[in-house]
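Engineer:
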Amino acid sequence: MTAPTLTVTVAKDLADLIPVFFKNRQKELEHLRAALAASDFAQLRQLGHRMKGVGNSYGFAKVSEIGKRIEDGAKGSDTASIDGCIGEYADYLSKVQIVYE
Amino acid sequence: MNDLAARGGATAQDAYRVLVVDDDPDMAGYLAHLLQREGLTVEMASDGESALVRVMTAPPDLLLLDVMMPGLSGFDVCRQLKGDESTALIPIVLVTALEDSESRVRGIEAGADDFLSKPVKREELVARVKTLRRLHETRKELESRRLAAEVQRKEAVRRAFSRYISPRLADRIADAGESGDPFQGRAQRTSLVALFADLRGFTRLTEKTEVGAVVAMLNDYFTVLTEAAYQHDGTIFNMAGDSLLVGFNVPFPQADAAERAWRTALEMVARFDPLAAEWKARHGLELGVGIGVCGGEAIIGNVGSSHYASYTIIGDPVNTAARLMQLAAGGEVLLCGPLYERVRHLIPAEQVKERGDVTLRGKSEPIPVFAVRAGAGARA
């Protein structure tokens, strides 16, 4: 993964919302892991759907993209695929850099 | 102030209120942030149930409604609000990450006014809200104009009819709209009760009292009689000299027209009593109201020429009531036989004096007549 893909430009007026946004993404990550451990695909589907909606709205296209893959994986009860997505999501959240414009 | 807030000059009182409903706090916060930047007042609800409560307690001007929520879905909330007359006109924008056309169809079927796709683009959100706000304000403006026109129309009807009828009847005509205007119809035959009242001793009054005082006394006299007629929803058809003609069951049906007429007669005598006492003290004149009441078939309508016409009642019961009035002494009510039968249950027997069959002036056949002294004990 290259550095430019982990740098996200966010509108300056959203700056106040971003700390809470990331706090909630970390919580989301824990919920994803717990749901996968419990093979709760309905929950996984809902979490993926939510990520898909909210990520891009704030400017984080990657969050939406991973969310869509989790939602699709949950529809097919594809544990391996979802596991991969969760790992990718955790990596992304730990490395993403934000630039305000 | 930005464009959205500037429309209509948003103040604390008339601020455009948006309710954002989303179970995802980040999504709700994002939408709220963008709308607040546009100067709008934003409230948030995190599920369908609490959204319904919010709308019922304080209806917003617009709802941004997420579709996929635990419990009631956005479709469910939308359907409920659009199915309720009191909330059906609140615009609802469904905010959804569902891309399929089936979801859109479901949204349309649920009554949604517009859609926003997640991810939500701020330009699109602002444009949609701006359009819906414009529609909202146009609708409110049209509604207030319609209400103002309606108030004006009712006031005109009230003014036009208030010479003839009680304020209550004028309100009924005004509220009934054009189709309810009873004064425009052609003359027709109908069943009615006519009440004639006049002043016993009026001639002496005019001889002994100066003109200005007579007019003032007549005004007081007609005021109390008119109030009595209006109290029982009688319609005044004629006022001439010192006599007053009041009709019942016209122009609106009154199943208890006879009872209303009888109570009006009592009321007229009762209301006139203090005035008579005052006149006696001031002018030394003994005056009283004589009343004749009769019911039957008569004609109601506009009678006259193209230059002058009056809305009136004509026919046998009207003539009979007039003749009875002429025979009545001050404080006395004369009733024709059929009408007496309809109200006898209201009159103490000891107050009734059967006059027997009387041939009234201008009538070929005698008719039964009953006289009642209208005192305090006679009032029903």
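Same order as they appear, the protein sequences are chains A and B.
Oh and the first sequence: position 25 is 25 in the numbering used here, straight run, nothing missing.
To get the numbering used here, take the position in the second sequence, counting from 1, and add 101.
Note that CB positions come from ideal geometry on N, CA and C, so glycine has one too.
Treat the numbers as computed from the prediction; the structure is a model and nothing was measured.
Given this structure, state the Cα-to-Cα distance separating Lys-222/B from Val-8/A, to the nearest angstrom.
Structural biologist: For Lys-222/B and Val-8/A, the distance between alpha carbons rounds to 16 Å.
Engineer: Taking C-alpha atoms, which residue in Leu-93/A, Val-99/A, Tyr-100/A and Gln-97/A lies nearest to Asn-24/A?
Structural biologist: Closest by alpha carbon: Leu-93/A.
Engineer: Of all the residues that make up the stretch 60-72 of chain A, which are near chain B by a beta-carbon distance shorter than 7 Å?
Structural biologist: Answer set for the stretch 60-72 of chain A: Ser-64.
Engineer: CB-CB under 6 Å to Leu-136/B, same chain, minus the five flanking residues each way: which ones, in chain order?
Structural biologist: Excluding positions up to five away in sequence, the list reads Val-119 and Val-143.
Engineer: What would DSSP say about Glu-203/B, mapped onto helix, strand or coil?
Structural biologist: Helix, per DSSP.
Engineer: Identify, in the order they occur along the chain, each residue of the same chain with its Cβ nearer than 6 Å to the Cβ of Gly-237/B, setting aside the five sequence neighbours on each side.
Structural biologist: For the record, residue 237/B in the displayed sequence is His; it is not Gly. Excluding residues within five positions, the ones whose Cβ falls inside 6 Å are Asp-162.
Engineer: Indicate the three-state DSSP secondary structure (helix, strand or coil) for Lys-454/B in the structure shown.
Structural biologist: Strand.
Engineer: Using only alpha-carbon positions, find the residue among Ala-450/B, Ala-472/B and Lys-464/B that is nearest to Cys-437/B.
Structural biologist: Closest by alpha carbon: Ala-472/B.
Engineer: Output yes if chain A places a C-beta closer than 7 Å to the C-beta of Val-122/B; else output no.
Structural biologist: No, Val-122/B lies away from the interface with chain A (no Cβ there is under 7 Å from its Cβ).
Engineer: Looking at chain A, is there any beta carbon in it that lies within less than 7 Å of the beta carbon of Met-128/B?
Structural biologist: Judged by the 7 Å Cβ criterion, Met-128/B is in contact with chain A.
Engineer: Short of 7 Å in beta carbon distance, which residues of its chain neighbour Ala-111/B, apart from the five on each side in sequence? Order them along the chain.
Structural biologist: Since pLDDT at Ala-111/B reaches only 41, below the 50 mark, its modelled position is unreliable, and no value is offered.
Engineer: Take every Cβ of the stretch 351-366 of chain B, pair it with every Cβ of the stretch 316-323 of chain B, and state whether three or more of those distances are shorter than 8 Å.
Structural biologist: Flag = no, the stretch 351-366 of chain B and the stretch 316-323 of chain B do not touch.
Engineer: Check each candidate in Glu-28/A, Ile-18/A, Asp-72/A and Ser-39/A and name the one with the smallest Cα separation from Tyr-89/A.
Structural biologist: Measuring from the Cα of Tyr-89/A, the nearest candidate turns out to be Glu-28/A.
Engineer: Please report the Cβ distance between Leu-300/B and Leu-376/B, rounded to the nearest whole angstrom; I am assuming they are in contact, meaning their Cβ atoms lie under 8 Å.
Structural biologist: That pair is no contact at about 10 Å.
Engineer: Straight-line CA distance for Ala-249/B to Leu-182/B?
Structural biologist: If I take the Cα positions, the gap works out to 28 Å.
Engineer: Apply the 10 Å Cβ neighbour rule to Pro-192/B and answer buried if 16 or more other Cβ atoms are within range, or exposed otherwise.
Structural biologist: Under this definition Pro-192/B is a buried residue.
Engineer: Tell me whether the beta-carbon of Glu-71/A lies closer than 7 Å to the beta-carbon of Arg-45/A.
Structural biologist: Against a cut-off of 7 Å, the Cβ pair of Arg-45/A and Glu-71/A comes out as a contact.
Engineer: Inspect the CB distances between the stretch 147-158 of chain B and the stretch 166-181 of chain B and report whether three or more fall short of 8 Å.
Structural biologist: Yes, the stretch 147-158 of chain B touches the stretch 166-181 of chain B.
Engineer: Using three-state DSSP, classify Asn-350/B as helix, strand or coil.
Structural biologist: Coil, per DSSP.
Engineer: For a test of the three-state rule: what should DSSP assign to Arg-474/B, helix, strand or coil?
Structural biologist: Note: Arg-474/B maps to strand in three-state DSSP.
Engineer: Residues of chain A with CB closer than 9 Å to the CB of Arg-138/B, please, in chain order.
Structural biologist: Here the neighbours are Asp-13.
Engineer: What is the DSSP secondary structure of Glu-65/A, counted as helix, strand or coil?
Structural biologist: Note: Glu-65/A maps to helix in three-state DSSP.
Engineer: Compare the C-beta of Phe-41/A with all C-beta atoms of chain B and state if any pair is closer than 7 Å.
Structural biologist: False, the Cβ-Cβ gap to chain B never drops below 7 Å.
Engineer: Rounded to whole angstroms, what's the CA-CA distance from Pro-146/B to Asp-124/B? Just pull it up for me.
Structural biologist: Correcting the residue type first, residue 146/B is Ala in the shown sequence and not Pro. When rounded, the distance between both Cα atoms is 8 Å.
Engineer: Quick check on Leu-243/B: buried or exposed, where buried means 16 or more other Cβ atoms within 10 Å of its Cβ?
Structural biologist: So Leu-243/B counts as exposed.
Engineer: Looking at chain B, is there any beta carbon in it that lies within less than 7 Å of the beta carbon of Lys-23/A?
Structural biologist: Not one chain B Cβ lies under 7 Å of Lys-23/A.
Engineer: Along chain A, in chain order, which residues have C-beta atoms closer than 8 Å to that of Asp-125/B?
Structural biologist: What Asp-125/B touches in chain A: Arg-50, Gly-53 and Val-54.
Engineer: Which ranges would you report for the alpha helix (DSSP H) in the stretch 157-193 of chain B if only whole runs of at least 4 residues count?
Structural biologist: Here the runs fully enclosed are 175-183.
Engineer: Are the beta-carbon atoms belonging to Val-325/B and Arg-372/B less than 7 Å from one another?
Structural biologist: Cβ atoms of Val-325/B and Arg-372/B: closer than 7 Å.
Engineer: Can you check which of these residues, Trp-363/B, Ala-330/B and Ser-411/B, is closest to Gly-345/B by C-alpha distance?
Structural biologist: According to the sequence as given, residue 345/B is Leu; it is not Gly. That would be Ala-330/B, whose Cα lies nearest to the Cα of Leu-345/B.
Engineer: For chain A, is any of its Cβ atoms less than 7 Å away from the one on Val-221/B?
Structural biologist: Taking Cβ atoms only, chain A reaches closer than 7 Å to Val-221/B, which makes this a yes.
Engineer: Where does Ser-465/B sit, in a helix, a strand or coil, going by DSSP?
Structural biologist: Ser-465/B falls in the coil class under three-state DSSP.
Engineer: Reducing DSSP to helix, strand and coil, say where Ile-448/B ends up.
Structural biologist: Correct three-state label for Ile-448/B: coil.
Engineer: Decide if Leu-190/B is buried, meaning its Cβ has at least 16 other Cβ atoms within 10 Å, or exposed.
Structural biologist: Classification of Leu-190/B: exposed, given that the 10 Å Cβ count is below 16.
Engineer: Give a yes or no on whether the minimum CB-CB distance between Leu-17/A and chain B is below 7 Å.
Structural biologist: Closer than 7 Å to some Cβ of chain B, the Cβ of Leu-17/A qualifies, so yes.
Engineer: Along chain A, in chain order, which residues have C-beta atoms closer than 7 Å to that of Ala-198/B?
Structural biologist: In chain order: His-49, Lys-52 and Gly-53.
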